[in-house]
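For the sequence shown, position 98 (counting from the first letter as 1) is numbered 98 according to full-length UniProt numbering, and the numbering increases by one without interruption. Presented below is the structure to which this report refers.
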Amino acid sequence: MKLRDNIKDRILILDGAMGTMIQGYNLTEKDFRGDLELLQMLNYQGNNDMLNLSRPDIIEEIHRRYLEAGADIISTNTFSAQRVSQADYHMESFSRDIAFAGAKLARKCADEFSTIDKPRFVAGSIGPTNKTCSMSPDVSDPAKRDLTYDALFDAYSEQVAAMIEGGIDAVLIETIFDTLNAKVAIDASLSEMKKAGVNLPIMISVTITDLSGRTLSGQTLDAFLASVSSYPIFSVGLNCSFGAEQMRPYLKELATKAPYYISIHPNAGLPNSMGQYDETAEIMVPQMASFVDDGLVNIIGGCCGTTEEFIAGYVKVVEGKKPHIPADAPKEMILSGLEQFRLTPEISFVNVGERCNVAGSRKFLRLVKEKNYEEALTIARKQVDDGALVLDINMDDGLLEAKDEMAHFVNMISSEPEIARVPLMIDSSDWEVVLSALKCVQGKAIVNSISLKEGEEAFIQHAKDVLRFGAAVVVMCFDEEGQATSFERRIEIANRAYKILTEKVGFPPQDIIFDPNILAISTGMKEHNNYAVDFIRATQWIKNNLLGAHVSGGVSNLSFSFRGNNYIREAMHAVFLYHAIQVGMDFGIVNPATKVTYADIPEDHLKIIEDVVLNRVEGADELLIELANKILEEKEAQKNGGSTEEVAQEAWRNDILEDRLKYALRKGISTYLNEDIHEALEKYPHAVNIIEGPLMDGMNEVGDLFGAGKMFLPQVVKTARTMKDAVAILQPYIEKEKVGGKAIAGKVLLATVKGDVHDIGKNIVGVVMACNNYEVIDLGVMVPADQIIKKAKEEKVDLIGLSGLITPSLQEMVNSVVAFKEAGLHIPVMIGGATTSQLHVALKIAPLYDAPVVWVKDASVNPSIVATLLNDKERGPFCEDLEATYEKLRAGYKEQQQKVLSLSKARENKLNLFN
Numbered sequence: 001m002k003l004r005d006n007i008k009d010r011i012l013i014l015d016g017a018m019g020t021m022i023q024g025y026n027l028t029e030k031d032f033r034g035d036l037e038l039l040q041m042l043n044y045q046g047n048n049d050m051l052n053l054s055r056p057d058i059i060e061e062i063h064r065r066y067l068e069a070g071a072d073i074i075s076t077n078t079f080s081a082q083r084v085s086q087a088d089y090h091m092e093s094f095s096r097d098i099a100f101a102g103a104k105l106a107r108k109c110a111d112e113f114s115t116i117d118k119p120r121f122v123a124g125s126i127g128p129t130n131k132t133c134s135m136s137p138d139v140s141d142p143a144k145r146d147l148t149y150d151a152l153f154d155a156y157s158e159q160v161a162a163m164i165e166g167g168i169d170a171v172l173i174e175t176i177f178d179t180l181n182a183k184v185a186i187d188a189s190l191s192e193m194k195k196a197g198v199n200l201p202i203m204i205s206v207t208i209t210d211l212s213g214r215t216l217s218g219q220t221l222d223a224f225l226a227s228v229s230s231y232p233i234f235s236v237g238l239n240c241s242f243g244a245e246q247m248r249p250y251l252k253e254l255a256t257k258a259p260y261y262i263s264i265h266p267n268a269g270l271p272n273s274m275g276q277y278d279e280t281a282e283i284m285v286p287q288m289a290s291f292v293d294d295g296l297v298n299i300i301g302g303c304c305g306t307t308e309e310f311i312a313g314y315v316k317v318v319e320g321k322k323p324h325i326p327a328d329a330p331k332e333m334i335l336s337g338l339e340q341f342r343l344t345p346e347i348s349f350v351n352v353g354e355r356c357n358v359a360g361s362r363k364f365l366r367l368v369k370e371k372n373y374e375e376a377l378t379i380a381r382k383q384v385d386d387g388a389l390v391l392d393i394n395m396d397d398g399l400l401e402a403k404d405e406m407a408h409f410v411n412m413i414s415s416e417p418e419i420a421r422v423p424l425m426i427d428s429s430d431w432e433v434v435l436s437a438l439k440c441v442q443g444k445a446i447v448n449s450i451s452l453k454e455g456e457e458a459f460i461q462h463a464k465d466v467l468r469f470g471a472a473v474v475v476m477c478f479d480e481e482g483q484a485t486s487f488e489r490r491i492e493i494a495n496r497a498y499k500i501l502t503e504k505v506g507f508p509p510q511d512i513i514f515d516p517n518i519l520a521i522s523t524g525m526k527e528h529n530n531y532a533v534d535f536i537r538a539t540q541w542i543k544n545n546l547l548g549a550h551v552s553g554g555v556s557n558l559s560f561s562f563r564g565n566n567y568i569r570e571a572m573h574a575v576f577l578y579h580a581i582q583v584g585m586d587f588g589i590v591n592p593a594t595k596v597t598y599a600d601i602p603e604d605h606l607k608i609i610e611d612v613v614l615n616r617v618e619g620a621d622e623l624l625i626e627l628a629n630k631i632l633e634e635k636e637a638q639k640n641g642g643s644t645e646e647v648a649q650e651a652w653r654n655d656i657l658e659d660r661l662k663y664a665l666r667k668g669i670s671t672y673l674n675e676d677i678h679e680a681l682e683k684y685p686h687a688v689n690i691i692e693g694p695l696m697d698g699m700n701e702v703g704d705l706f707g708a709g710k711m712f713l714p715q716v717v718k719t720a721r722t723m724k725d726a727v728a729i730l731q732p733y734i735e736k737e738k739v740g741g742k743a744i745a746g747k748v749l750l751a752t753v754k755g756d757v758h759d760i761g762k763n764i765v766g767v768v769m770a771c772n773n774y775e776v777i778d779l780g781v782m783v784p785a786d787q788i789i790k791k792a793k794e795e796k797v798d799l800i801g802l803s804g805l806i807t808p809s810l811q812e813m814v815n816s817v818v819a820f821k822e823a824g825l826h827i828p829v830m831i832g833g834a835t836t837s838q839l840h841v842a843l844k845i846a847p848l849y850d851a852p853v854v855w856v857k858d859a860s861v862n863p864s865i866v867a868t869l870l871n872d873k874e875r876g877p878f879c880e881d882l883e884a885t886y887e888k889l890r891a892g893y894k895e896q897q898q899k900v901l902s903l904s905k906a907r908e909n910k911l912n913l914f915n
């Protein structure tokens, strides 16, 4: 029986620590070297894998002790049985022999204990080595690596090939601290399985380095899952690092999100000051039993400090228990840098930062040529700060060694967490350059691009390479006949490529991005006038017919004819994106610092530009040229050389105060904030009134424009930054206005939930609450529930405020209140953020908690709600009214859902004439 078949109906037991058991034998130097002459002159200290050759009897005995205790799966004594690790012992020439012997010994023992009712399996253990592909060993040289992808791939390939020959049933890639090392191991395993003609399950197990929930190389668990999402993974789990109890929140996260079987084999607690493990089987068995009872696991075992006594205890707790049911595989695109990026329906457009492209930025090209990488990184950092959700990297220049420069710069980015948190788009027309970059990326990147221009064979090979490195892909609408310029050719090529990728290569549809070619319009050639329209039509067709696929394009190409006139170019881009996004364009390579939005364009300009982009009126390009020339003339006429946009910005300075503040927020202009805020302080009785009034009005206007598709995310990020600046100016005045000496009205804890980094709304709430004499404890962003619970208890807070902007935060809020209830909290909870709603709170959150859960529309109403909840007389009636409102919302939702039944339900209700 195969492992895949055996795991479906029961929880399997993995063995415990190999090293701990070996230590119990008190072995001497002779035991490690044995009678093998070749080992006599070699280093042995700490090389437990050598015992496969020198003392196979001891390794067999350890395997048998675990099998007698009831282990279903034993792991081979091959954690370091590859050339990279064995080089530390000068035994790299023996690495294959060690790996083969380790697999043979385990196979022999497993076969001895296997029965029809209880088959035993062998997992080939692959450790991470003591080197990392993602981090530099030298703080002064962040691009340096001790280990390359290719070197590690060769080492792992040799190890896996030997273990397959030795008879393993699965590959266990464990103690993962660097996702890139793990990707190499997966790649090598798949490659060697293909050579051997076998299809073994791949088990992966990650280790969390501290309570931040990140790996040593900086990735969150979400990002780690995204990085391996393209591979055929059998199980994912946690091992080493902590004891069982400390792993609970991370295990729950995996069980909730990962579409795989779940494993856990923790240490026997945290090591003490002597490096020993204090937790006994009596302590750990109940902890592991709770994971089983909660339905979180499919495989449990032990890591450092555990022995057969632990395993025997685990066997008892799984008897008759139901295994974990894996989560559904995500249907949306998931990418990652150090953090995960999930393309949810709420994200209408993904801005791919374009300035780290030597073909598009003369400054970036100059810096790379000068080897001034530190300043080049500032360009990347600014792209991310300005709102780029993905960072495009291109080194294609005739005077550069593009392959070397690409690898170097990607390695440099890895050392900058503020940049490395976003996914990368690897952009090159040279496939060797693409591969050199992919071998440096631990996250899930996008490859830009592949196409059919060299025929199907090359296209398929490139697509397989992309899958090999766990990336998504951009497909250009080129084929053997050339570039698609018409609507018909665009959809013909896209349709053909989609079928090849999904049917022949097995590429996930959600990881395919089509680029139907954004081409220059208004060039003076009539045949070019419909290029934008055909792109938009092709986008709509792709989204409607090639299910799951996405659409992208290099937006700056559109306005190439107007280079030198930034206002016209940005206005054309804004108009084009406004219409393309509405029909499904969800990626675009644009400058995130662009200043012109669709809503900014004056009506007379907008008509001309839309006539050109949408090819509505013959001769519109002539009018656009006239407009462009007029703008250039005005620019020349201005003494300061300012653009028409700057003239328009000066004109708004004549508006009333409130409109100036709203305009500054909408445009993300901080230049006059200090002046206008101080004018407002003269007009408004309290500093907080300025936040509650014109500043909130401005933010609401931004929200309306964003919702209508007239602003996209980078502009929203800029407005948020301006709001922060405004609040910072007001903060000293707010502090002065606080009532001196008065006892605080209450203590409020605020946190942006785990997985979410947005804090503008939460920060405003904190300011407003502080102005109303509440003590505010702000835990920041990405705060897991256990930290909130701990702080709430320590500080004895009166109320908890949960904030979130992205859709996954809604589920995290559900998880949080469930955790609050389990922890025995009865503290009222306020829910706020852009994606939250009263209906969601009524349906999904409030029913799961024993204290009031209140949805708060905006920051200005928080103080009155809190005051009511903390007033003994008012709290009861308020909660009764709240529950009545929630019941009404639930009933309305239920009624609405019942109006349209699913097809299966409708068939159940069919009229039966024969009864």
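Here a beta-carbon is modelled for each residue, glycine too, at the ideal position from N, C-alpha and C.
Using a Cβ-Cβ distance under 8 angstroms, would residue i count as near chain D?
i	result
residue 827	Structure shown: chain D not included; a single protein chain is present.
Residues bridged to residue i by DSSP?
i	result
residue 125	172
residue 473	447, 512
residue 203	172, 235
residue 747	775
residue 357	394
residue 550	513
How long is the line joining the alpha carbons of residue i and residue j, rounded to whole angstroms?
i	j	result
residue 774	residue 338	36 angstroms
residue 238	residue 883	41 angstroms
residue 470	residue 831	37 angstroms
residue 611	residue 417	44 angstroms
residue 128	residue 405	27 angstroms
residue 439	residue 484	31 angstroms
residue 431	residue 511	19 angstroms
residue 8	residue 370	58 angstroms
residue 151	residue 358	29 angstroms
For the beta strand (DSSP E) that residue i lies in, which residues bound it at each end?
i	result
residue 240	235-240
residue 774	774-778
residue 833	Per DSSP, residue 833 belongs to no beta strand (DSSP E) and is neither H nor E.
residue 75	73-75
residue 261	261-266
residue 590	587-590
Relative to the alpha-carbon of residue i, which residue among the options has its alpha-carbon at the smallest distance?
i	options	result
residue 143	410, 67, 479, 540	410
residue 563	531, 628, 616	628
residue 125	132, 92, 113, 167	167
residue 515	504, 489, 502, 527	489
residue 46	630, 27, 59	27
residue 838	818, 887, 867, 871	887
residue 181	200, 261, 153	153
residue 236	151, 733, 575, 205	205
residue 788	682, 751, 810	751
Who are the Cβ neighbours of residue i in its own chain at under 7 angstroms, not counting the five residues just before and after it?
i	result
residue 772	745, 863
Identify, in the order they occur along the chain, each residue of the same chain with its Cβ nearer than 8 angstroms to the Cβ of residue i, setting aside the five sequence neighbours on each side.
i	result
residue 390	335, 341, 350, 351, 352, 353, 422, 423, 424, 425, 446, 587
residue 356	364, 376, 379, 380, 383, 391, 392, 393, 394, 409
residue 865	830, 854, 856
Could you pull out every residue in the same chain whose Cβ sits closer than 6 angstroms to the Cβ of residue i, ignoring the five residues on either side in sequence?
i	result
residue 222	340
residue 620	611, 612
residue 639	With a pLDDT of only 47 at residue 639, under the threshold of 50, the placement of this residue in the model should not be trusted, and no figure is reported.
How is the alpha helix (DSSP H) around residue i delimited, first residue to last?
i	result
residue 18	18-23
residue 351	Not the alpha helix (DSSP H): residue 351 falls in the beta strand (DSSP E), residues 350-353.
residue 31	29-33
residue 853	From DSSP, residue 853 is part of no alpha helix (DSSP H) but of the beta strand (DSSP E) over 853-855.
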